[in-house]
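Everything below concerns the one structure shown next.
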Amino acid sequence: MEIRSLGSQGLKASQIGLGCMGMSEFYGPASEAESVRTIHRAMELGINFLDTADVYGPYTNEELVGRAIKGKRKQLTLATKFGIVRDPANPKMRGLNGKPDYVKKSCEGSLKRLQVDVIDLYYLHRVDPDTPIEETVGAMGNLVTEGKIRAIGLSEVSPATLKRAMKVHPVSAVQSEYSLWSRDPEDGILALCKELGIGFVAYSPLGRGFLTGKIRNFEDLAADDFRRSSPRFQGDNFQKNLELVNRIESMAREKGCTPSQLALAWVIARGNNIFPIPGTKHVKYLEENLGALQVKLSPADMEAIDSIAPKGIAAGLRYAESGMKVVNG
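Numbered continuously in numbering that gives the first Met the number 0, the sequence shown closes out at residue 328.
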């Protein structure tokens, strides 16, 4: 496993990380014991980059990660996020808060739940339209000065917002959805991150599991799986997106790998500053995902993939309309 510089603020991260969100909610039932085994196995295999957020649960995912890494903290680059507000008593409701006092309060809560003294990479999860980004990032910069966090990250931001933020404090990483069916970052943020020496963290690099080929019917999703509300998993969109998966599966067979390995290898090949963080709560899928490191894609392979999965190929929005309103902020 190659360890690379993540941005210019001294962080080091494995070229593939582990997204922990699904260990607590969103993707159907999960076993904490299996989730903890998955985190431990990831570390054994060289993954040192774990991703969570206070909104996952809410709060319970940070607590799970905190229990799993106890005694192993020095081995890790630990990332968490704040800014999406959920009330545990009414978790379906969402709000955004990037106000300076909330930045500090949220960080203190995450430190306690994770049982750590410092967070390596602290992201603003979504931009608060009612708070200037300069104020939010200024407060995050104070956390760096205080030694509560090591570096600042931003999630789902536009190039214009990133430029404004960088005038206040260096940003080490930008996190956005990026995969063979979500190529929006190619509209500008990827190039800007490369130009500024910022790491780009690709979440959902397997299209929320769809690109693995393991989801063949809408009924394969658990009753409480949030993907049931995603436009790409519904009706005609589901069937159209299966056609894309079929093409990826065909090429994967030619390469002697699984569809998930091909999809991850493509993300990895897009740039040395790109760090995919596929999420899983099972050791077997973790190990399958890491097989992507053995898949070498030639320029001809990359062209072939672009021909079967061109930008804009996915049917349907990647979030419901309410979710799309708060991305690219």
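For glycine and all other residues, C-beta sits at the position ideal for the given N, C-alpha and C. Here the structure is a predicted model, which means the values were calculated and not measured.
Residue i by DSSP, collapsed to three states: which one?
i    : result
N89  : strand
S175 : strand
G152 : strand
Y122 : strand
Y202 : strand
L17  : strand
S181 : strand
G27  : coil
Y284 : helix
V64  : helix
R112 : helix
D129 : coil
V326 : coil
I214 : coil
G290 : helix
A222 : coil
S229 : coil
V35  : helix
P169 : coil
P57  : coil
Tell me where the alpha helix (DSSP H) around residue i begins and ends.
i    : result
F237 : 234-254
W265 : 258-268
R207 : No alpha helix (DSSP H) holds R207; DSSP gives it neither H nor E.
A314 : Looking at the DSSP string, A314 is not in any alpha helix (DSSP H), and its letter there is neither H nor E.
K162 : 158-165
P369 : As shown, the chain starts at 0 and ends at 328. That puts residue 369 outside it, with no answer to give.
K193 : 188-195
Would residue i pass as an interface residue toward chain B - the criterion being a Cβ-Cβ separation below 9 Å?
i    : result
S171 : This model lacks chain B altogether, as it is built from one protein chain only.
Excluding the 5 residues flanking residue i on each side, which residues of the same chain have their C-beta closer than 7 Å to its C-beta?
i    : result
T124 : Reading off the sequence shown, one finds His at residue 124, where the question assumed Thr. A52, V54, K80, F81, G82, I83, S154, listed in sequence order.
M42  : K71, Q74
E223 : Here residue 223 is Asp; the residue named in the question, Glu, does not match the sequence. Correct list, in chain order: G27.
G45  : M0, S13
K193 : G270, N272
A164 : I132, V136, L153, V170
L210 : S178, L179, W180, V244, I247, P258, S259, A262
R182 : K310
T59  : S23
E185 : K310
In this structure, what does DSSP give as the bridge partners for residue i?
i    : result
R3   : A12
K104 : None, per the DSSP bridge assignment.
V84  : G94
L77  : L49
G140 : G140 is not bridged to any residue.
G278 : G18
Skipping 5 residues on each side, what residues in its chain have a beta carbon closer than 8 Å to that of residue i?
i    : result
D127 : G82, L95, N96, G97, K98, T135
S7   : P169, S171, G196, I197
Over what stretch of residues does the beta strand (DSSP E) that includes residue i continue unbroken?
i    : result
D50  : 48-50
P275 : 273-275
Can you list, in chain order, the residues of its chain with a C-beta nearer than 6 Å to that of residue i? Leave out the 5 residues immediately preceding and following it.
i    : result
G140 : H168
L390 : Because the chain is modelled from 0 through 328, residue 390 falls outside the range shown and cannot be assessed.
E248 : G212, P258
A264 : A291, V294, L296
G48  : The sequence shown places Phe at residue 48, not Gly. Cβ neighbours of F48 beyond the five flanking positions: A12, S13, G16, T76.
R246 : I307
G278 : G18, M20, G21
With contact counted as at least three CB pairs below 8 Å, one residue from each stretch, are the region 252-269 and the region 291-299 in contact? yes
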